[in-house]
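**Q** Whatever position you read off the sequence shown (first residue = 1), add 920 for our numbering.
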Amino acid sequence: MNKNKMIARRIAIVIVAVLFAGCQQITKTSADAELKKKANELAQKYIIVDTHQDVPYRLLKKMEDISKRTAGGNFDYPRAKKGGLDAVFMAVYVPAEYEEKGGAYAFADETIDMIEGFAEDWPDKFVMARSVSDVRKQFNDGRISLAMGIENGAPVEGNLANLKYFYDRGIRYTTLAHSKNNHICDSSYDEEPKWHGLSPFGMEVVSEMNRLGMIIDVSHVTDKTFYQVIQLSKAPVVATHSSCRHFTPGWERNMDDQMIKLLAKNGGVIQINFGSIFVSKQVNEQYKNRKKHITEYIEANNLKGKEKEKYIKEYNQKNPLADADISDVVANIDHVVKLVGIEYVGLGSDFDGVGDNLPNGLKDVSCYPNLIYELLKKGYTDEDIRKICYGNFFRVWSDVEMAALELRSKK
Ligand SMILES: [Zn+2]
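1. First and last residue of the beta strand (DSSP E) that includes V1141?
2. Just to check, is the beta-carbon of D1270 closer than 7 Å to a non-hydrogen atom of ligand 1?
3. Leaving aside the five residues before and after P998 along the sequence, list all residues of the same chain whose C-beta is less than 6 Å from its C-beta, in chain order.
4. Should G1333 be counted as a contact of ligand 1 given a C-beta to heavy atom distance under 7 Å?
5. Taking the alpha-carbon of D1088 as reference, which of I1032, D1106, T947, V1055 has the nearest alpha-carbon?
6. Taking just the CA atoms, how far does N1102 sit from E1017?
7. Express the C-alpha separation of E1227 and A959 in angstroms, rounding to a whole number.
8. Going by C-alpha to C-alpha distance, which of N1072, D1110, F995 sits closest to Y1093?
9. Say the cut is 7 Å; is the CB of E1019 nearer than that to a heavy atom of ligand 1?
10. Could you tell me which residues DSSP pairs with S1065 in its beta bridges?
11. Provide the residue span of the beta strand (DSSP E) that contains T1094, from first to last.
12. DSSP state of S1338, grouped into three classes?
13. Use the C-beta contact count for E1294: other C-beta atoms within 10 angstroms, 16 or more gives buried, fewer gives exposed.
14. How should I931 be labelled, buried or exposed, when 16 other C-beta atoms within 10 angstroms of its C-beta is the threshold for buried?
15. Going by other Cβ atoms of all chains shown within 10 Å of its Cβ, with 16 needed for buried, is H1116 buried or exposed?
16. D1304 and I1262 look like a contact to me (Cβ under 8 Å); what is the Cβ gap, rounded to whole Å?
17. Per DSSP, what kind of secondary structure is S1196 in: helix, strand or coil?
18. Throw me the rounded Cβ distance for the P976 and I1035 pair, which I believe falls under 8 Å.
19. Within 10 Å of its beta-carbon, does M1068 have 16 or more other beta-carbons around it, so buried, or fewer, so exposed?
20. Does the Cβ-Cβ distance between H1014 and A1024 come in under 8 Å?
21. Does the distance between the C-beta of H1161 and the nearest non-hydrogen atom of ligand 1 fall short of 7 Å?
22. Quick one: using the 10 Å Cβ neighbour count with 16 as the cut-off for buried, is H1213 buried or exposed?
23. Quick check on the DSSP output: what are the complete beta strand (DSSP E) runs of length 3 or more inside the region 1144-1223, in order along the chain?
24. Quick check on L1325: buried or exposed, where buried means 16 or more other Cβ atoms within 10 Å of its Cβ?
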């Protein structure tokens, strides 16, 4: 072969190789576009229920018209519709301080008024929902179903009759505690346990919630509380917004493998929290280090009141947390699935409750299709995705309703 021929052959090989790679790229890109299209279709086709969003508390701090695209926040009607969100549990969040200073019941009552106000003010966009059948009926009529859960048992105020009152107002779950121990049980965020699980009254609360058909939410509680609840409860329980401790070692706010196994054995479901500190080991460590530094600094310098608040605010601003990635949320879902199966996991984003510290790709309620796309890429089937979007949680909600009927018929 002469030199010219050799060069021509090499050029030809390179051209063929480039063309081949290009074709592969086109096939890959079009397959990817197909998958994205399918993810969008599934988000619209299936009911998506998100079991925890802090929209009311966000609006309490700064009112916005959520029927339109809002400048801030993670939730509004247009973004929810784009994301295929059909039902959302609006958190009736009651700050821990109300347990001490009183007024928890009234605060919860007013927050419920506010949520009902959304449906009254924008009846073509929002509608209240009290049951699985309400959500099913209202699915596809263009409106978003608003269900309610109380976050923090403080508003029970030591009186079981108040649980019935809140149930009648439409509350369908209660998170037993929030950031501090209360009269019902211990909180995972508190420094010292008060009851070593449930208080004697807390045990009565579990039975009454079973009888009413109110879901017991084990997010936020201590491990001991969780184990006691599981032992006492006659119905499955839900973690409405928790992730896997497997990724955040030592952090009691998330559930460890043993707990997830027991939750599943009991027929319950873990609804994965999207917050970056919940799903990413790296961000969780950063968060814990930040907290440790602040606590030590405040103690060493004896900071109190406004000085203390100012230091925390400034330090946090100077040391912002990193954002996790959507793949971290998928890893959490995947972990539950590998551990106990596809039947025991769902979505409890904590949108509007975890600040801006949300994963890339999952910044607001318009992003559920991104999550579905990632699951499809991992080989999850349509049926798997249906279960994650609503099937699993609806099963538990129905089981809780059924258990209540049975318990009440016995008396
Ligand atoms: Zn919470």
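Here a beta-carbon is modelled for each residue, glycine too, at the ideal position from N, C-alpha and C.
**A** Concretely, from the data shown:
1. Element bounds for V1141: n/a, residue is neither H nor E.
2. Yes.
3. So the qualifying residues of the chain are R989.
4. Because the chain spans 921 through 1331 in this model, residue 1333 falls outside it and cannot be assessed.
5. The shortest C-alpha separation from D1088 is found at I1032.
6. Rounded to the nearest whole angstrom, the C-alpha separation of E1017 and N1102 is 10 Å.
7. Going from the Cα of A959 to the Cα of E1227 covers about 49 Å.
8. Each of N1072, D1110, F995 was checked against the Cα of Y1093, and the nearest Cα belongs to N1072.
9. No - ligand 1 has no heavy atom lying nearer than 7 Å to the Cβ of E1019.
10. DSSP lists A1007, V1047 as partners of S1065.
11. Where T1094 is concerned, the enclosing beta strand (DSSP E) stretches over 1091-1095.
12. Given a span of 921 to 1331 for the chain in the structure shown, any question on residue 1338 remains unanswerable.
13. Counting every other CB atom within 10 Å of its CB across the protein chains shown gives E1294 a total of 16 or more, marking it as buried.
14. Flag for I931 reads exposed.
15. Counting of Cβ neighbours within 10 angstroms places H1116 among the exposed residues, the total staying below 16.
16. Indeed they touch by this definition, with Cβ atoms about 5 Å apart.
17. S1196: helix per DSSP, three-state reduction.
18. With 8 Å as the limit, P976 and I1035 qualify as a contact, their Cβ atoms being about 6 Å apart.
19. M1068 is buried by the Cβ-count criterion.
20. Residue identity check: residue 1014 is Val in the sequence provided, not His. Here V1014 is near A1024, since their CB atoms are less than 8 Å apart.
21. For ligand 1, at least one heavy atom lies less than 7 Å from the Cβ of H1161.
22. H1213 should be labelled exposed.
23. Within the region 1144-1223, the complete beta strand (DSSP E) runs of at least 3 residues are 1189-1192.
24. Exposure of L1325 is indicated by the presence of fewer than 16 other C-beta atoms within 10 angstroms of its C-beta.
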